[in-house]
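Residue numbers (this note's numbering): 840 to 1201. Have a look at the structure below, then the notes.
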């Protein structure tokens, strides 16, 4: 994996849906991170990009989203355009959205930002085929708006042509309320993407299991439901070899990791790669070690006053990583099994030990 790993930038923690799978917005928490909700400052983001250029910080990719919908940000078009300055320091950019406020002007601006630039992956969280199911799963009736906006984006991309480096992923989180709609959902988006997609674009339809309260009551039932639809998806994939790709979630979620560890005592818990490879920048500029840290217990400091590398390699960061290497998992890490879709290399472990020795931590 290139550079630091995967940087997650939160444009906003506001959202225009109340999805059952997203507790903060479903329960309508007035504050998600223990601070007022807000928006990433465009001035600050420009400062951040310049900092990455000066320190030549590289990332595998940058995700614009955390606990809100990024397209709710009034200046998201400008943020994505500005991020293209880093096109030689990232493999690609990514934005995750429900697609509700993706109007024609915004579609044009976002597509133009990726012309001859770093590839941009737009991930649409859709999760339903019918309007009734959409309301049940997402909390509000925007099904037709979302479907229309996705079609418009695909058509506009085709008009621009192969210089527009925008790939699309359509996501479906399998739940009790929606799993019966998988065949209709799949056929619809396969047809749309085949009609307007294809070479030179790499488009996907991804089916994922539902995470229930960090692996709480109901997680096993959710995992079993997901397992029950895999034979159908595997069969469909074998019989349809053309684009778009049909993908399924093949790694065990961190919640299930923790359940396995707690019930199988002889399994040694590994350090979480997230502390090395998934930095998160909150909308107010706070730098965090992990995206599972909603309450910012592992904050490293604020990037308004500090450079990224100074905080990312700070004694506080090294101390937390050393705790994991030594088998100590406290605070927000205590009940988390780690993000096992990344692999922590031996080189990163050894470098952390050297940093700890230099700082006098060990």
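C-beta atoms are modelled at their ideal positions from N, C-alpha and C, and glycine is treated no differently. Please read all numbers here as calculations on a predicted model, not as lab measurements.
In the three-state reduction of the DSSP assignment, residue 934 falls in the strand class, which pools E and B.
Collapsing the DSSP output to three states places residue 909 in a helix.
Remark: fewer than three beta-carbon pairs, one from each stretch, lie closer than 8 Å, so the stretch 1146 to 1158 and the stretch 899 to 908 are not flagged as touching. Scanning its chain for C-beta atoms nearer than 8 Å, with the 5 sequence neighbours on each side dropped, one finds around residue 851 the residues 876, 877, 878, 879, 907, 908, 909, 911, 912 and 1122, in chain order. Boundaries of the alpha helix (DSSP H) around residue 894: 881 to 894. By the 16-neighbour rule on beta-carbons within 10 angstroms, residue 1006 is buried. Residue 1021 places its beta carbon 8 Å or farther from that of residue 1085. In the three-state reduction of the DSSP assignment, residue 1140 falls in the strand class, which pools E and B.
In the three-state DSSP reduction, residue 850 falls in the coil class, being neither helix nor strand. Put simply, the backbone Cα of residue 1154 is about 23 Å away from that of residue 1108.
Here the stretch 978 to 985 makes no contact with the stretch 1063 to 1082; the two share fewer than three CB pairs at distances below 8 Å. Residue 1014 places its beta carbon less than 8 Å from that of residue 1049.
DSSP places residue 864 within a helical segment (H, G or I) once states are collapsed to three. In this structure, the beta-carbon distance from residue 872 to residue 1135 falls below 8 Å.
In this structure, DSSP gives residue 1049 a state outside helix and strand, which the three-state scheme calls coil. 944 is the residue among 1195, 944 and 1030 whose C-alpha sits nearest the C-alpha of residue 992. At a Cβ-Cβ threshold of 8 Å, residue 1111 and residue 1161 do not count as neighbours. Taking C-beta separations shorter than 6 Å and ignoring five residues to either side along the sequence, the partners of residue 932 in its chain run 901, 922, 957 and 959, following chain order. The Cβ atoms of residue 846 and residue 888 do not sit closer than 8 Å to each other.
Residue 967 has its alpha-carbon roughly 32 Å from the corresponding atom of residue 1171.
Shortest Cα-Cα distance from residue 1082 to any of 1067, 853, 1124 and 1030 involves 1030.
Taking C-beta atoms as the reference points, residue 950 and residue 1002 fail to come closer than 8 Å.
8 Å or more divides the Cβ of residue 884 from the Cβ of residue 843.
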